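**Q** Handing you this structure, nothing more for now.
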Amino acid sequence: MKFGIIKERKNPPDRRVVFSPEKLQEFKEQFPQAEIVVESSDIRVFSDEAYTKAGFEVTNDVSDCDVLLGVKEVPIDNLIPNKKYFFFSHTIKKQPYNRKLLKAMLEKNIEMFDHETIVKENGARLIGFGRYAGLVGAYNGFRALGIREGLFNLPKVETLPDLDAVKAELDKITLPNIKILLTGTGKVAKGAQEILEHLQIKQVSDALYLTSEFTEPVYCIADVMEYAKRKDGKVGDKFEFYKDPTGYESNFMAYAKQTDFFIAGHFYGDGAPYLFTREDVKHPEFRIKYVADISCDIDGPVATTLRASTIADPIYGYNPETESEIDFKDEKAITVMAVDNLPCELPKDASEGFGEMFLEHVIPAFYNDDKDGILARAKMTTNTGKLTERYAYLQDYVDGKE
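Next comes the structure, spelled out in structure tokens:
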């Protein structure tokens, strides 16, 4: 089995990689029978030289590899037929902009394993960059607040070498007396919470948060059963909600009346109620002035997210009256940070963390007959140009019928 670490070719450039040189050495130590090569790259956060020093061949030709490991979508022209590929294809939700990519992989008899489809039997994801999205998203939200209020000027994460440097910058700031709401309990929310804890902001219960004012910054975590409720007034059930959220409505307004800064770290499923609508934002008691929307669903459950922002220009303003974008410093504005590729700002740490998960959960499956079904569940397409049974629901999408 020969593995190739491929060059990232998507624009804008992404400096992340599945394995750092150090983690690749661990891979080789654990599975000495594996052949591993690295495709030369001038943008990767780890240099070609770093991989050579770690004992790996750096090459411009990976066409003799069996398994090709990348992060972002591979441009259609660069896909090598009859290979196994791992990357984020952004096709499992029938994203229209990548239909041609999935079609091309089928035509080229590629076995596609999407990083998003690498899951436990219960559907929980095993690998991803969620923690780093949460870390950078929360930091960026505080950066936006500091700039708007003229209180402090945090540097952009992309200008800092690593997570330690990010946390060192946070040590220099003093926050105003604000109430912060964080939604979600997954990896994204845990990453954001890491920043809140580093800032030594006190966590308070829902009951206290919704009924009290404080003389210091505080935060509260609201999971789905806090910000959504059953329409019939019965007690909700989280797992029932995940299966079918149609009998639920938003309970978010209670929080919106008590929150200055909202960090959206939740997962949003099809059919779930919006957290708040554009009408809700017009309510005189709607208090939120800052939104760090890490989930970043456009024109969706967080009504202030009109578009994804960019690493280069991460902040914009939302005018509740006109429901349109304005300068984020305008007194009418709700300040929005909605960058949709946050982990790119912390490529070294994000790559190291990703490689750790990939080595633990995925690589062993190649050498233990996939005893836990990791590869079987993750495989979207076959080497005979067909969708696997698990992903047969994508056939109409491939055919352009939806």
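My numbering applies: residue 263 is where the sequence shown begins, and numbers increase by one.
Just so you know, even glycine gets a beta-carbon here, dropped at the ideal spot from N, CA and C.
Quick caveat, the model's predicted, so the values are computed rather than measured.
1. Reducing DSSP to helix, strand and coil, say where residue 416 ends up.
2. Report the three-state DSSP secondary structure of residue 462 (helix, strand or coil).
3. So is residue 340 buried or exposed if we call it buried at 16+ other beta carbons inside 10 Å?
4. Is residue 402 near the ligand NAD, in the sense that its beta carbon is under 7 Å from a heavy atom of that ligand?
5. Report yes or no: do the segment 651 to 663 and the segment 402 to 410 share at least 3 C-beta pairs separated by less than 8 Å?
6. Rounded to the nearest angstrom, what separates residue 337 and residue 377 at their Cα positions?
7. Hey, out of 599, 296, 348, whose CA is closest to residue 375's CA?
8. With a floor of 4 residues, list each alpha helix (DSSP H) that falls wholly inside the segment 611 to 646, ordered by position along the chain.
9. What do you reckon, are the CB atoms on residue 700 and residue 321 nearer than 8 Å?
10. Using a Cβ distance threshold of 8 Å, determine whether the segment 521 to 539 contacts the segment 434 to 446, with at least three qualifying pairs required.
11. In whole angstroms, what separates the C-alpha of residue 382 from that of residue 637?
12. Roughly how many angstroms lie between the CA atoms of residue 285 and residue 501, to the nearest whole one?
13. Can you tell me where the alpha helix (DSSP H) with residue 285 in it begins and where it stops?
14. Could you name the residues of the same chain whose beta carbon sits closer than 8 Å to that of residue 335, not counting the 5 residues immediately before and after it, in chain order?
15. Just the Cα atoms here: how many angstroms apart are residue 346 and residue 390?
16. How close, in whole Å, do the beta carbons of residue 558 and residue 277 come, if the pair is a contact with beta carbons under 8 Å?
17. What is the C-beta distance between residue 356 and residue 659, in whole angstroms, given that I count them as a contact (C-beta under 8 Å)?
18. List, from N- to C-terminal side, the beta strand (DSSP E) runs of 3 residues or more that fit wholly inside the segment 311 to 374.
19. Quick check: the Cα distance between residue 267 and residue 475, rounded to an integer number of angstroms?
20. What is the rounded straight-line gap between the Cα of residue 512 and the Cα of residue 542?
21. Report the residue from 481, 398, 466 whose alpha carbon sits nearest the alpha carbon of residue 438.
22. Are the segment 458 to 472 and the segment 490 to 506 touching by the rule of at least three beta carbon pairs closer than 8 Å?
23. Apart from the five residues on each side of it in sequence, which residues of its chain come closer than 6 Å, Cβ to Cβ, to residue 264?
24. Start and end of the beta strand (DSSP E) containing residue 298?
25. What are the uninterrupted segments assigned as beta strand (DSSP E) that are 3 or more residues long and contained completely in the segment 548 to 583, given in chain order?
26. Taking only three categories from DSSP, how would you classify residue 649?
27. My guess is that residue 614 and residue 282 are in contact by the Cβ rule of under 8 Å, so how many angstroms apart are they, rounded?
28. What is the DSSP secondary structure of residue 399, counted as helix, strand or coil?
29. Give me the Cα-Cα distance between residue 317 and residue 331, rounded to the nearest whole angstrom.
30. Do you know how far the Cα of residue 413 is from the Cα of residue 306?
31. Indicate the three-state DSSP secondary structure (helix, strand or coil) for residue 494 in the structure shown.
32. Hey, would you say residue 598 sits closer than 8 Å to residue 567, going by beta carbons?
**A** Reading off the structure:
1. Translated into the one-based positions of the sequence shown, residue 416 becomes position 154. Of the three classes helix, strand and coil, the one that applies to residue 416 here is coil, per DSSP.
2. Counting from 1 along the sequence shown, the entry for residue 462 is found at position 200. In this structure, residue 462 counts as coil in the three-state DSSP scheme.
3. The residue given as residue 340 occupies position 78 in the sequence shown. Its Cβ having fewer than 16 others within 10 Å, residue 340 is exposed.
4. The ligand NAD is not among the ligands present in this structure, which contains no ligands whatsoever.
5. no
6. Translated into positions along the sequence shown, residue 337 becomes position 75. Translated into positions along the sequence shown, residue 377 becomes position 115. Roughly 17 Å between the two C-alpha positions.
7. In the sequence shown, counting from the first residue as 1, residue 375 sits at position 113. Looking at the Cα atoms, 348 is the closest of the given residues.
8. 636 to 640
9. Absent from the structure is residue 700, since the part of the chain shown begins at 263 and ends at 664.
10. The segment 521 to 539, when compared against the segment 434 to 446, does touch it at the 8 Å Cβ threshold.
11. Sequence index remark: in the sequence shown, residue 382 carries index 120 (1-based). Sequence index remark: in the sequence shown, residue 637 carries index 375 (1-based). Their backbone Cα atoms lie some 11 Å apart in a straight line.
12. If you number the sequence shown from 1, residue 285 lands on position 23. If you number the sequence shown from 1, residue 501 lands on position 239. Going by the C-alpha atoms only, they are around 36 Å apart.
13. As a position in the sequence shown, residue 285 is number 23, starting the count at 1. Segment 283 to 292, the alpha helix (DSSP H) holding residue 285.
14. Your numbering for residue 335 matches position 73 in the sequence shown. Counting only Cβ-Cβ distances below 8 Å, and skipping sequence neighbours, we find 272, 349, 350, 351, 352, 360, 363.
15. As a first step, residue 346 must be located in the sequence shown, where it is residue number 84. As a first step, residue 390 must be located in the sequence shown, where it is residue number 128. When rounded, the distance between both Cα atoms is 19 Å.
16. Here residue 558 is taken as the residue at index 296 of the sequence shown, counted from 1. Here residue 277 is taken as the residue at index 15 of the sequence shown, counted from 1. With a Cβ gap of about 20 Å, residue 558 and residue 277 do not count as contacting.
17. Start at 1 with the first residue of the sequence shown, and residue 356 comes out as number 94. Start at 1 with the first residue of the sequence shown, and residue 659 comes out as number 397. About 4 Å separates the two Cβ atoms, so the contact holds.
18. Whole beta strand (DSSP E) segments, 3+ residues: 319 to 321, 329 to 331, 346 to 349.
19. Taking the sequence shown and counting its residues from 1, the one referred to as residue 267 is at position 5. Taking the sequence shown and counting its residues from 1, the one referred to as residue 475 is at position 213. Cα to Cα, residue 267 sits roughly 52 Å from residue 475.
20. Stepping through the sequence shown from its first residue, residue 512 is reached at position 250. Stepping through the sequence shown from its first residue, residue 542 is reached at position 280. Answer to the nearest angstrom: the Cα atoms are 11 Å apart.
21. Position 176 of the sequence shown, counting from 1, holds the residue named residue 438. Comparing Cα positions, the closest option is 481.
22. no
23. As a working note, residue 264 is residue 2 in the sequence shown. Cβ within range, chain order: 297, 327, 328.
24. On the sequence shown, position 36 is the one that residue 298 refers to. Element bounds for residue 298: 297 to 301.
25. 552 to 555, 577 to 581
26. Walking along the sequence shown from the start, residue 649 turns up at place 387. DSSP places residue 649 in strand when its eight states are reduced to three.
27. Against the sequence shown, residue 614 aligns to sequence position 352. Against the sequence shown, residue 282 aligns to sequence position 20. Their Cβ separation, rounded to whole angstroms, is 5 Å, which keeps residue 614 and residue 282 in contact under 8 Å.
28. Within the sequence shown, numbered from 1, the residue matching residue 399 stands at position 137. Residue 399: helix per DSSP, three-state reduction.
29. Position 55 of the sequence shown holds residue 317. Position 69 of the sequence shown holds residue 331. Distance between the alpha carbons of residue 317 and residue 331 is about 18 Å.
30. The count along the sequence shown starts at 1 and reaches residue 306 at position 44. The count along the sequence shown starts at 1 and reaches residue 413 at position 151. A straight line joining the alpha-carbon of residue 306 with that of residue 413 spans about 35 Å.
31. Within the sequence shown, residue 494 is the residue found at index 232, counting from 1. In this structure, residue 494 counts as coil in the three-state DSSP scheme.
32. Here residue 598 refers to the residue found at position 336 of the sequence shown. Here residue 567 refers to the residue found at position 305 of the sequence shown. Yes, these two residues count as a Cβ contact at 8 Å.
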